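> Here you go, one structure.
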Amino acid sequence: MAAAFAGKVVLITGASSGIGAATAVHLARLGASLSLTGRNLDNLNRVGQQCEQTGSLKPLLLKGDVTNESDTKQIVESTVAHFGRLDVLVNNAGILEMGTIETTSLEQYDRVFNTNVRSIYQLTQLAVPHLVKSQGNIVNVSSVNGIRSFPGVLAYNMSKSAVDQFTRCVALELAPKKVRVNSVNPGVTLTELQKRGGLDEESYKKVNKYYRRNIHITCSGLSRYGYSVPGASKGDTCPWTSW
Ligand SMILES: NC(=O)c1ccc[n+]([C@@H]2O[C@H](COP(=O)([O-])OP(=O)(O)OC[C@H]3O[C@@H](n4cnc5c(N)ncnc54)[C@H](OP(=O)(O)O)[C@@H]3O)[C@@H](O)[C@H]2O)c1
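In the UniProt record's numbering, the protein residues as written are 1 to 243.
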């Protein structure tokens, strides 16, 4: 298990923070050769150092904005130029923004979809020829919000549903070429995502409390799902409605 990823080249977007950073450190421990990307170079360097200390291999660190087409092209090209191959693409970079159908804007819709969907489309397109050669893998970091419906984060919910559909379609397209495509759909995870999305400290605490009690269950009624969660009652309201 220790060197399960030895010789495997893994490209992780959004590796400068949160889930992407933790994934990088974990895969470093498993011996992966890592190409890590993000916009914040200080954070990226910090994660790079952690990976090196954990896994002993020096990761390739690439600064870039995934909504910028030439940055994205550069990320894939530099990775393949440096390592000579690509085995796994982890499409993780993403943003959350708050807004209901009454409070959203088209600018917000564009920002969220450009980051969470369009960039994945482009990165995957560019990576596929290399993944076909290595018979590799794609992992798209979606969200529970792609599967279940929550009020107050409309564009984000829709973007993650699009990621899930993209994943299923591309999985069917690439299966004959022995490239596996999957998504993961995490529930609330303590990272910078919600605060960056505009959630104030008080609401952030409420969300965390709510999720600790009602993991993966929407506010539309606990019993409907047949769950019995300690501390949760049927009338609990979802704090997201007050965002
Ligand atoms: N946290 C949760 O509760 C949760 C739950 C389900 C799914 N997810 C998903 O998990 C993924 C990672 O989120 P996280 O929670 O780890 O959030 P995070 O701590 O805010 O990290 C987000 C990462 O994405 C990068 N990023 C965002 N926009 C970018 C852009 N335009 N170009 C390049 N990089 C960009 C950030 O880079 P810089 O910081 O360098 O700008 C950062 O590394 C997202 O797709 C998110 O939707 C999170």
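Glycine included, C-beta positions come from ideal geometry on N, C-alpha and C. Predicted model only: the values in this text are computed from it and were never measured.
Can you tell me whether C169 is buried or exposed, with buried defined as 16 or more other CB within 10 angstroms of its CB?
Exposed, by the Cβ-count rule.
> Check whether the Cβ of A93 lies closer than 7 Å to any heavy atom of ligand 1, and answer yes or no.
True, at least one ligand heavy atom lies under 7 Å from that Cβ.
> Would you call the segment 93-107 in contact with the segment 196-212, where contact means no fewer than 3 C-beta pairs closer than 8 Å?
Yes, since at least three Cβ pairs between the segment 93-107 and the segment 196-212 fall closer than 8 Å, the two stretches touch.
> Does any CB atom of chain B fall closer than 8 Å to the CB of F150?
The structure shown contains no chain B; it is built from a single protein chain.
> Counting beta carbon pairs with one atom in the segment 123-135 and one in the segment 149-156, are three or more of them shorter than 8 Å?
Not touching, per the Cβ criterion.
> Once you ignore the five residues that flank M158 on each side, which residues in its own chain have a CB closer than 6 Å to its CB?
None.
> Taking the alpha-carbon positions, what's the A24 to S56 distance?
So the alpha carbons of these two residues sit roughly 13 Å apart.
> In the DSSP output, which residue or residues are listed as bridge partners for K63?
Beta-bridge pairing links K63 to G38.
> Can you find the residues in the same chain that come closer than 7 Å, C-beta to C-beta, to I192, ignoring five residues on each side of it along the sequence?
A small correction: the amino acid at residue 192 is Glu; Ile does not occupy that position in the sequence shown. For E192, where only same-chain residues beyond five positions count, the Cβ hits under 7 Å are S17, G18.
> Under a Cβ-count criterion, where at least 16 other Cβ atoms within 10 Å of its own Cβ denotes burial, should K178 be classed as buried or exposed?
Its Cβ having fewer than 16 others within 10 Å, K178 is exposed.
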